[in-house]
Structure formats: structure tokens, C-alpha cells
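Protein chains in written order, with the numbering used here: chain A, 396 to 601; chain B, 35 to 291. Even glycine gets a Cβ: it sits at the ideal position worked out from N, Cα and C. So the structure is just underneath, and the comments pick up after that.
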């Protein structure tokens, strides 16, 4: 049998050697299944604590555990790379957000929310990244593909599950419904056509 | 409907709409569609999104659309659809309402407001997603160098394999053992030559082909020793493609021509 500190060093070595996250099944295999999931989880927590304050941190994502650089050092590391990592356009990010929060959705669903046509390139770039995939087809004319986010999406964003996404209710609260009183408020046109009661803000949840 | 857009056009550009011409294309390019443009106008004018004043909003929207058209910017059809929708809402608001109808139920703006809020929520969600640290962009997954043989991994012939092959031969030899004892002088090196000769004729021989079980155990032993000696001197190469596969013997690179 291994001592806990030996086990931790073995786990560390395996995690450091793997660019992909390692899940409990893989970690168990390191020890021929001798260690329980709970033991491994506890040891992983200890490893995480031991690495606190270092340039590298242990994170728990959807597929398991992964060592990664902390964000503090990204600006420095970027200096070594000749080009900056490309940023996704707003169109791509909005499409991704709709798929993430409203999945499974068809392209038509996305277009309804965004009010514009969703180009094939947007879908393709997200598929190529491995962040979305087709999980089925809606049984309507044309059988449109239903898109959902993948585990890699969660991994790459450092999330364990979709529940860890920024909550929509919080986002909804930040939406400004009433006008903010400002000095220029008086310059607004006064000829409002009607005086109907304000509609309740029906954010379509779920 | 387009004629109507023209008909509604204002001659003078309102003061709050002035954008330097160079900047205009960039600004218009920044909109992700008609909903985005409407949200921009509502936020810029500090309008109540739950009680949108349709006349000024429609006017402003049409002005932007008109500028886009005059600048020959590619104008997506969605912008014109939205223009039509805005004017439809505006005209429905002007119609007299039956007093019995509850005002909340048939507000023609309700669907527009719902769509605007839904879109704005997703727009903000997209921004929040973008702020999450992203693997490859903000954080780098660690992968330390592991010393590994990159070369193709071929099965290794280990002493046990040879021993096993040898035992099989021995067993076979025992089966056909004769009861006479050869006084023949056995020379390892002689057998070495014999093997090399055999290999000169047929470049590759199977391990078992080198042995003649009929000649008894001592000969087998010497042949085996000769083979080992040849291998040690790099005169022959012994290979096996996988475990328990036939072992082949061929001339080594050191073979003098």
C-alpha cells in the first residue's frame, strides 16, 4: 500500500503529465482501483491546497481535475507568443450564450432571439472548437438540428456543470427596465402616444 | 413599406444623432442586428423599455436605417422587417381601443418588449461568458515533458523467449532420441559457420529451421550456442514480430561481404 503522501505525488505526476483533465476513473486506475473515490477526492483537495499561491493551480472541471496556469500570469506568457489568441466576435459569443442557456436549440431558435440570421461559419467555428454539437433533431418540417454545449465547453471555461454558468436571474436583474433619471432626461420627446401600463418584464425562463 | 420609410424621413438630422461620418460605418457595423440597434437607441435615449414611446423610437430607427442605406452599407433584410414591425405597432397604438379590453392584454408592444429583453439578457450572458477564464486564452493547461521512447515500439526478444523456443526443440529432440552416442567432435564455431552458410542461401530462416532434432540433444545444444555466439558478434539478427510469433534469424549488418 502507498502512504497518502506517495499517493498524492503519483496523482500530481499523472495530472501534470496530462494536458487533458483526468477524472476519477483514470485516477483510480493509477492505483489499480485500491483507493475509493472519496479518498481520491480528499487527496485532490489537499493537493489543491498545497499548490495555492503557486503559478499553477489545480482546478476541478467537468471532466475531472487539471493543472493550469493561473490567470495572473497570462499577460506574461502572452509576451512569448507572437500572436494574441483570437477573440470570438459578439455574434459568436451571443450564439454560444443562447446555446449554453437555452439548449437544446435549433438555429431558428437562435435566430429568433438574436433577430438576425445565424451564419454557418458561426456554428462551424463553435463546432470546430468542440464546444457545441448536434444532440438530435426537432421533429418539425426540415428536421432542424438541435445544438447543445459539450463537456469540453465546460472544461475550457473551467466549469463543472452548466449550473455554474453565470445565473440568468442575476443577469436579468441587471437589465435596466426603467429610465435612469439624468440631467438630459428633460430633452426627451414628450409626445408619447399612449399611456398603457408597463408590461411586466417577462423574461422567458426555461 | 420602403416608400413609407422614405415618406417618414426627416430632412434635418437630429442633434443627438450626429456621428462623424468616418465613425458611422464602425458604429453601424457594431450592431448585431435590428434588436441590438433598437436596444442601443432605447438606452441612448434613456427610454422606458416597458413603456416604449413608439413614435420617437421608430423615427430614430428609420433614420439609422436610412443612413445605412445611403452609405451603401449592406443592409440585412432583418432591418427592414423590423422597420415594418415598428410602424405596424405604431399604427396599432393609434387605433381606438374597445373600452372593455384590458390595456395590458393587447398592448401591441408586448411582443417587441419581450424580444428586446430576451435578447438583451442573452447579450449580457454572452459578455459574462466571455469574461470567464478560457482555456487556451486566459489559462494554459499544464503538460510537463515525459521521457518516452518516441520510436515505434517493437516487441523485444528476451532471453525467456529464446529459452522457451529452445525447450520446445529440446523436447522434440528427446522424442526422437537415438540410443547411440555420437563421438563426433562438436565445434561451436563450426556450427556458427554452418548457420551463416545456410543464411547465405536463404536470407531469412526460422529459428526452428536451424535445428535438426534428429541429430540429438548435444547437436542442438551446440547449434544453440553457435546461434547465441553469432548474435553476440552481431553476425546474425534475431527478431520476433510479437510474443510467441516465429523467431526469425537473418544475417546481421556486421556480416563481412
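- When DSSP assignments are scanned along the segment 515-567 of chain A, the uninterrupted stretches of alpha helix (DSSP H) that are 4 or more residues long and fall wholly within it turn out to be 515-523, 546-551.
- Buried is the label assigned to residue 84 (chain B), since at least 16 other Cβ atoms lie within 10 Å of its Cβ.
- Approximately 6 Å separates the beta-carbon atoms of residue 176 (chain B) and residue 451 (chain A); this is inside 8 Å, confirming the contact.
- Residues of chain A with a Cβ closer than 7 Å to the Cβ of residue 153 (chain B) are, in chain order, 508, 509, 510.
- Distance from the CA of residue 268 (chain B) to the CA of residue 201 (chain B), rounded to the nearest whole angstrom, comes to 24 Å.
- Judged by their CB atoms, residue 429 (chain A) and residue 403 (chain A) are not nearer to each other than the 8 Å cut-off.
- Unbroken beta strand (DSSP E) runs of no fewer than 3 residues, entirely contained in the segment 92-131 of chain B, are not found.
- Secondary structure note for residue 238 (chain B): its beta strand (DSSP E) is the uninterrupted segment 238-240.
- Counted as a single uninterrupted DSSP element, the beta strand (DSSP E) harbouring residue 455 (chain A) occupies residues 451-456.
- One finds 463, 464, 472 in chain A with Cβ atoms closer than 7 Å to the Cβ of residue 174 (chain B), taken in chain order.
- Within 9 Å of the CB of residue 122 (chain B), no CB atom of chain A is found; the nearest one sits about 13 Å away.
- The Cβ atoms of residue 554 (chain A) and residue 457 (chain A) lie closer than 8 Å to each other.
- For residue 463 (chain A), no alpha helix (DSSP H) segment is defined; the enclosing uninterrupted segment is the beta strand (DSSP E) at 459-464.
- Under the three-pair Cβ rule at 8 Å, the segment 160-177 of chain B counts as touching the segment 462-480 of chain A.
- According to DSSP, residue pairing for residue 281 (chain B) in a beta bridge involves B:274.
- Within a 10 Å sphere around the beta-carbon of residue 76 (chain B) sit 16 or more other beta-carbons, which makes this residue buried.
- Taking C-beta atoms as the reference points, residue 502 (chain A) and residue 562 (chain A) fail to come closer than 8 Å.
- In this structure, B:283 is the residue among B:82, B:71, B:283, B:148 with its C-alpha nearest to the C-alpha of residue 234 (chain B).
- Given a length threshold of 4 residues, each whole run of the alpha helix (DSSP H) inside the segment 483-513 of chain A is given here in chain order: 485-497, 502-509.
- No residue range can be given for residue 66 (chain B), since it is assigned to no alpha helix (DSSP H) and is classified by DSSP as neither H nor E.
- Of all alpha-carbon atoms in A:400, A:431, A:547, A:416, the one lying nearest the alpha-carbon of residue 528 (chain A) is that of A:547.
- One thing to note: residue 432 (chain A) has its Cβ no nearer than 8 Å to the Cβ of residue 417 (chain A).
- The DSSP-derived three-state label of residue 178 (chain B) is coil.
- Here DSSP, grouped into helix, strand and coil, assigns residue 417 (chain A) to strand.
- Taking C-beta atoms as the reference points, residue 271 (chain B) and residue 250 (chain B) fail to come closer than 8 Å.
- The three-state reading of DSSP puts residue 476 (chain A) in coil, since its state is none of H, G, I, E or B.
- Within chain A, the C-beta atoms nearer than 7 Å to that of residue 66 (chain B) come from 485, 486, 489, 509, 511, in chain order.
- Of the candidates B:258, B:145, B:118, B:110, the residue whose Cα lies closest to the Cα of residue 228 (chain B) is B:258.
- Taking a C-beta distance under 8 Å as the contact criterion, residue 541 (chain A) and residue 490 (chain A) do not qualify as a contact pair.
- In chain order, 506 place their CB closer than 7 Å to the CB of residue 512 (chain A), counting only its own chain and leaving out the 5 sequence neighbours on each side.
- Put simply, the CB of residue 177 (chain B) is near chain A, with a gap under 8 Å to one of its CB atoms.
- Here the C-alpha atom of residue 149 (chain B) lies approximately 18 Å from the C-alpha atom of residue 161 (chain B).
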